[in-house]
Amino acid sequence: MPRRTAGREERNKGEQGMNTKRKKAVILLSGGLDSTTVLAIARSRGFQCYCLSFRYGQKQDIELQRAAAIAQNMEAAEHLVLRLDLGAIGGSALTSNIAVPKDREVAEMEQEIPVTYVPARNIIFLSHALAWAEVIGATDIFLGINAVDYSGYPDCRPDFLKAFERAANLGTKEGSTGSPFTLHAPLIELSKKEIIEVGNQLGVDYSKTHSCYDPVDDLACGHCDACILRLRGFAEAGLKDPAPYVVQG
15 MPRRTAGREE
25 RNKGEQGMNT
35 KRKKAVILLS
45 GGLDSTTVLA
55 IARSRGFQCY
65 CLSFRYGQKQ
75 DIELQRAAAI
85 AQNMEAAEHL
95 VLRLDLGAIG
105 GSALTSNIAV
115 PKDREVAEME
125 QEIPVTYVPA
135 RNIIFLSHAL
145 AWAEVIGATD
155 IFLGINAVDY
165 SGYPDCRPDF
175 LKAFERAANL
185 GTKEGSTGSP
195 FTLHAPLIEL
205 SKKEIIEVGN
215 QLGVDYSKTH
225 SCYDPVDDLA
235 CGHCDACILR
245 LRGFAEAGLK
255 DPAPYVVQG
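This note's numbering applies: residue 15 is where the sequence shown begins, and numbers increase by one.
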């Protein structure tokens with residue numbers, strides 16, 4: 015069964031009238047740096063945010079713990095966690111026993127699709143986000159893909175987003191009857207440094223986010239691709255990453 019967490023809207027009925035006047039948006043929230051920044055951007059644009067996370071068979075639970083805390087702290091209207099068993103399909107270092115690459119140069123990361131790619135994950139996640147959006151009356155969906163991602167992940171590329179948005183508006187009741195959906199990827203052209211700078215301007219607490227592919231006792235490893243890119247982004251922004259690491263880069 016999906017797990018729902020009541021947000022600000024349900025905790026404070028006195029503000030219900032005000033919240034219902036705001037346009038709704040579904041936010042794909044992993045608990046990581048990028049999706050948390052996107053949540054902050056959506057809030058800054060005046061959206062009433064409905065956060066969607068997935069327990070999809072990933073090997074660690076810490077990212078969902080962080081997502082739940084972030085959704086609450088950033089006053090999401092609701093946080094829905096859906097359970098999917100992508101581990102049964104396998105094919106990724108995030109859902110199977112495939113080793114997570116460590117200590118790679120950025121140039122090496124960009125040479126091929128990494129083993130941390132989860133087959134068709136963004137198609138699956140966006141399809142669920144689209145279904146929920148139809149139910150709650152939202153026509154806007156936000157996700158945190160960016161320039162760092164789409165060099166290696168085919169489901170993080172602008173052409174994919176355009177194609178999915180078109181399919182969404184052809185294959186749904188709302189889209190086909192005059193209420194088209196819009197996919198928002200506000201980080202799509204930003205580097206990790208630029209994402210961090212935007213988040214800092216919006217007051218994002220990055221100490222509460224988790225990006226690591228291979229954490230040890232809920233601490234970031236400091237050596238996987240995600241940690242290396244994150245640490246480099248903070249360094250380029252002239253900041254220290256506030257997240258806890260086993261080995262601080």
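Ideal Cβ placement from N, Cα and C applies to all residues, glycine included. The structure presented is a predicted model; accordingly, all values stated were derived computationally and were not measured.
Rounded straight-line distance, which links the Cα of residue j to that of residue i
{"i": "Leu100", "j": "Leu78", "result": "16 Å"}
{"i": "Arg180", "j": "Val260", "result": "43 Å"}
{"i": "Glu126", "j": "Pro168", "result": "10 Å"}
{"i": "Trp146", "j": "Ala177", "result": "19 Å"}
{"i": "Lys187", "j": "Asn136", "result": "21 Å"}
{"i": "Glu250", "j": "Gly185", "result": "43 Å"}
{"i": "Pro133", "j": "Val114", "result": "16 Å"}
{"i": "Gly151", "j": "Lys38", "result": "7 Å"}
{"i": "Gln74", "j": "Pro229", "result": "7 Å"}
{"i": "His142", "j": "Ala83", "result": "22 Å"}
{"i": "Leu197", "j": "Leu216", "result": "21 Å"}
{"i": "Leu140", "j": "Phe68", "result": "11 Å"}
{"i": "Ala234", "j": "Ala81", "result": "16 Å"}
{"i": "Asp219", "j": "Ala161", "result": "22 Å"}
{"i": "Ser221", "j": "Ala257", "result": "4 Å"}
{"i": "Gly28", "j": "Ile138", "result": "Any reading at Gly28 needs caution, since the residue's pLDDT is 40, under 50, leaving its predicted position unreliable; the model's value is listed next. Straight-line Cα distance between these residues: approximately 36 Å."}
{"i": "Thr50", "j": "Val149", "result": "23 Å"}
{"i": "Asp255", "j": "Leu245", "result": "6 Å"}
{"i": "Glu270", "j": "Arg171", "result": "Here the chain comprises residues numbered 15 to 263, so residue 270 is not present and cannot be evaluated."}
{"i": "His237", "j": "Arg18", "result": "34 Å"}
{"i": "Ser106", "j": "Ala85", "result": "27 Å"}
{"i": "Lys35", "j": "Leu175", "result": "28 Å"}
{"i": "Thr191", "j": "Ser58", "result": "29 Å"}
{"i": "Asn33", "j": "Pro16", "result": "Its pLDDT being 47, under 50, Asn33 is placed unreliably in this model, and the value from its coordinates should be taken loosely. One C-alpha to the other measures close to 24 Å."}
{"i": "Cys241", "j": "Ile112", "result": "18 Å"}
{"i": "Leu278", "j": "Val52", "result": "One cannot answer for residue 278 here, as it falls past the ends of the chain, which runs 15 to 263."}
{"i": "Thr153", "j": "Tyr70", "result": "25 Å"}
{"i": "Ile103", "j": "Lys116", "result": "24 Å"}
{"i": "Leu144", "j": "Val40", "result": "8 Å"}
Pair within 8 Å by beta-carbon distance, residue i and residue j
{"i": "Ile202", "j": "Phe248", "result": "no"}
{"i": "Leu108", "j": "Gln72", "result": "yes"}
{"i": "Lys206", "j": "Leu253", "result": "no"}
{"i": "Gly158", "j": "Ala54", "result": "no"}
{"i": "Thr130", "j": "Asp48", "result": "no"}
{"i": "Ala56", "j": "Phe156", "result": "yes"}
{"i": "Pro128", "j": "Gly166", "result": "yes"}
{"i": "Pro200", "j": "Asn183", "result": "no"}
{"i": "Asp232", "j": "Ile76", "result": "yes"}
For residue i, the residue or residues it bridges with in DSSP
{"i": "Thr196", "result": "Asp154"}
{"i": "Ala234", "result": "Tyr259"}
{"i": "Leu42", "result": "Leu66"}
{"i": "Lys116", "result": "Cys238"}
{"i": "Arg18", "result": "Leu94"}
Any non-hydrogen atom of the ligand GTP within 7 Å of residue i CB
{"i": "Pro200", "result": "The ligand GTP is absent from the structure shown, which contains no ligands of any kind."}
At 3 residues or longer, and completely inside the segment 145-186: list those beta strand (DSSP E) runs for me, N to C.
-> Entirely contained in the segment 145-186, the beta strand (DSSP E) runs reaching 3 residues are, in chain order, 154-156.
Every unbroken beta strand (DSSP E) inside the segment 47-106 [3 residues or more] | 62-69, 92-97
Would you be able to state if there are at least three C-beta pairs under 8 Å between the segment 222-234 and the segment 42-61?
-> yes
Between the segment 82-98 and the segment 56-66, do at least 3 Cβ pairs fall closer than 8 Å?
-> yes
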